[in-house]
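In my numbering, the protein residues as written are 3 to 313.
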């Protein structure tokens, strides 16, 4: 089958990868779409080799987290022909840049009627990460305020929508190309980081989500309310302020969604069917055109998710 494999720190499309075996507790899927994320590029560059070696990852296919497709065989939770989507473990287990996938059922949810395969592949990581960040990590409630840095990116487009569905006062930050999209998603205030110094803002926020991975707690702690939470997308870069949480009221939240949660995704995807969430903010590329997809993802000012069409 066709798949992307990493050769000399470069992703390459090959056609001789063996099909995966169906393991108990997993579901076998023909992948129609798979996402492309910054983590995939980092893995190809070798930045996560320590963790790959720690988990004894031996698979040739090491990239691809989100997917959508059709179930090929009956399993405990799904039937042959079901339309499904989900995302796999960040490090261990199967990855989605391959035409066939055997993935744990707990990572998977059913695609509702009216949602395309492309939309479904663009949905799970961004939606689930945003939901957990706002609800579980920052513990926000209606009427509170949030600053979303990176509001037009792959996670940010969902964070804005989920924040508004929770009744939060939402300020979103991006480059100039993302301002209109953030307004259309419901942000109460949009800021161009090229024109606005975030550190100099007069507003105070109950939470700051740094989805652009550009801020540090010390830079923006003064922008938080007394019990506010700074939520970085990569907590490993903030271990020192994390350790200091016991000494102060303002916190650094630990956000690490390393796999899909089928139950959470089922609940979130219903909001697409109900018109609360819009999953259509993505860029689509053919599988064979993956190099241009990578270039688009690495270019500044990208809007929404990036997905590859496999079959």
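Quick reminder that beta carbons are idealized off the backbone N, C-alpha and C, glycines included.
Rounded to whole angstroms, the separation of the alpha carbons of residue 42 and residue 52 is 15 Å. Distance from the CA of residue 312 to the CA of residue 192, rounded to the nearest whole angstrom, comes to 35 Å. Of the other Cβ atoms in all chains shown, 16 or more fall within 10 Å of the Cβ of residue 271; this residue is therefore buried. For residue 68, the enclosing beta strand (DSSP E) covers residues 68 to 73. Collapsing the DSSP output to three states places residue 55 in a helix. Across the structure, residue 286 and residue 221 are spaced so that their CA atoms are roughly 36 Å apart. Counting only runs of 3 or more residues that sit fully inside the region 202 to 276, the beta strand (DSSP E) segments are 207 to 212 and 226 to 234, in chain order.
Excluding residues up to 5 positions away in sequence, 244, 256, 257 and 258 lie with their Cβ nearer than 7 Å to the Cβ of residue 237 in the same chain. Judged by their CB atoms, residue 152 and residue 214 are nearer to each other than the 7 Å cut-off. Counting only runs of 3 or more residues that sit fully inside the region 161 to 204, the beta strand (DSSP E) segments are 171 to 176 and 191 to 194, in chain order. DSSP places residue 132 inside the alpha helix (DSSP H), whose first and last residues are 126 to 134. In the DSSP assignment, residue 293 falls within the alpha helix (DSSP H) that extends over 292 to 300. A straight line joining the alpha-carbon of residue 44 with that of residue 50 spans about 7 Å. The Cβ atoms of residue 166 and residue 172 sit closer than 7 Å to each other. The three-state reading of DSSP puts residue 158 in helix, counting H, G and I together.
A direct Cα-to-Cα measurement between residue 26 and residue 17 gives close to 26 Å. In summary, residue 290 is exposed, with fewer than 16 beta-carbon neighbours lying within 10 Å of its beta-carbon over all protein chains present.
Using a C-beta cut-off of 8 Å, the region 217 to 235 makes no contact with the region 69 to 80, since fewer than three inter-stretch Cβ pairs fall below that distance.
Per DSSP, reduced to three states, the secondary structure at residue 137 is helical. For residue 106, the enclosing beta strand (DSSP E) starts and ends at 102 to 106. Secondary structure of residue 119 (DSSP, three-state): helix. In this structure, the beta-carbon distance from residue 142 to residue 136 falls below 7 Å. Between the alpha carbons of residue 307 and residue 10 lies a gap of roughly 26 Å. Under the three-state reduction of DSSP output, residue 150 falls in the strand class.
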